[in-house]
Amino acid sequence: MGFNYLIYAICTIVFPLIIFNIIGNNSEIVGNINFSLIISAICNYILPFPILLFLMKKLEHEKLEKDSLNITTFLLYFCISFTLMIIGNMIGLAVTALIGTAIQSDIANPIQNLINSSDIMLNLIIISIIGPIFEELIFRKLLVDRTIKYGAKISIILSATLFGLMHGNLNQFFYAFLLGGFFAYVYMKTGKIIYPILLHISLNLMGSVLSLFVIESADALTQGAYTSFDIGFILIYVLILILVMIFGLYGLTQYKKAKLTKIKTKIELTNPIRTAFINYGMACYIGFTILLIIYSTFIL
681 MGFNYLIYAI CTIVFPLIIF NIIGNNSEIV GNINFSLIIS AICNYILPFP ILLFLMKKLE
741 HEKLEKDSLN ITTFLLYFCI SFTLMIIGNM IGLAVTALIG TAIQSDIANP IQNLINSSDI
801 MLNLIIISII GPIFEELIFR KLLVDRTIKY GAKISIILSA TLFGLMHGNL NQFFYAFLLG
861 GFFAYVYMKT GKIIYPILLH ISLNLMGSVL SLFVIESADA LTQGAYTSFD IGFILIYVLI
921 LILVMIFGLY GLTQYKKAKL TKIKTKIELT NPIRTAFINY GMACYIGFTI LLIIYSTFIL
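Residue numbers (the numbering used here): 681 to 980.
What follows is the structure, encoded as structure tokens:
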């Protein structure tokens, strides 16, 4: 399994090189941020996904028991997801700030730069819809179905770790790790991948689309060119965020009630953590993605 995800990770690096090599040095195309976003979606999802699917289908997998969520529970899960994203983002900002101070250089957030610079419709289609669908299939559906037999904990840890590392930079690793683990839990709890997908889409919509309107209104306030709409919009936005965080923190305190059935927590390994992580395939995947993080942090 580790080698399968390593092949997937390598594909996301090799495919862009091939495409840009074919295009050549056309600065108008290569330098276009919207074109780069489209190529990123093609090379991260469209092209490598069939390869990973082919490899993973060779591994034994299980079907999870199906269960539905009522709207109240789904909204609570959204609040928890948003809270975990904020916590992870704060950790990421703190870590990158410390490293930036140590090396006396700012550490850029590539995804935030991409969101702020690209077309809003592309953000909506690629970052908010296409990305979450493929990422949940890759790091939840394919992964959890093949690791749940080793116990829920090991499956959640694997999903969180592989998902966090695959983002390839420190800014995103921490909140991707936390969200990846929680989305894996939601998928195990319900047996339906649609719920993690919807949660993922909702978060990305807030971060890649709604945040742009908030930034626009905030800029208007700082420049003194604001309207009553800008003030009202920001106040409502902040109020909603506070309420979401309150319910999210409440949900996190109820972790003792977040139990899975015995079937989903069974373990068929003597030492599941060692078996899952200390093997050649997983070591190669983890090593490769850590190198990508180091490259994006200290070289780019």
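Every residue gets a Cβ at the ideal spot worked out from N, C-alpha and C, and that includes glycine.
- Message: DSSP three-state label for Gln-934, please.
- Response: Note: Gln-934 maps to coil in three-state DSSP.
- Whole-angstrom C-beta distance between Thr-841 and Ser-835, which should lie under 8 Å: Rounded, the Cβ-Cβ distance is 11 Å, inconsistent with contact.
- Task: Give me the Cβ distance between Phe-843 and Gly-871, rounded to the nearest whole Å; I'm assuming they're in contact under 8 Å.
- Result: About 19 Å; that fails the 8 Å criterion.
- Message: Considering only the alpha carbon of each residue, which of Ser-761, Ser-976, Tyr-975 lies closest to Pro-876?
- Response: Ser-761
- So, helix, strand or coil for Thr-776, using DSSP? Note: Thr-776 maps to helix in three-state DSSP.
- Message: I'd like the ranges of any beta strand (DSSP E) spanning at least 3 consecutive residues and lying wholly in the segment 878–916.
- Response: none
- Query: Should Arg-820 be labelled buried (16 or more other beta-carbon atoms within 10 Å of its own) or exposed?
  - Reply: buried
- Message: Counting beta carbon pairs with one atom in the segment 741–758 and one in the segment 710–726, are three or more of them shorter than 8 Å?
- Response: no
- Task: Please classify Glu-816: does DSSP put it in a helix, a strand, or coil?
- Result: Taken through DSSP and simplified to helix, strand or coil, Glu-816 comes out as helix.
- Task: Inspect the beta-carbon positions of Glu-742 and Lys-833 and report whether they are closer than 7 Å.
- Result: no
- For Ile-958, name the three-state secondary structure that DSSP assigns. coil
- Helix or strand or just coil, what does DSSP make of Lys-743? coil
- Query: So what's Met-681 in DSSP terms, helix, strand or just coil?
  - Reply: In this structure, Met-681 counts as coil in the three-state DSSP scheme.
- Go ahead and pull the three-state DSSP assignment for Ile-873. coil
- Message: Can you list, in chain order, the residues of its chain with a C-beta nearer than 8 Å to that of Ile-699? Leave out the 5 residues immediately preceding and following it.
- Response: Ile-719, Ile-722, Cys-723
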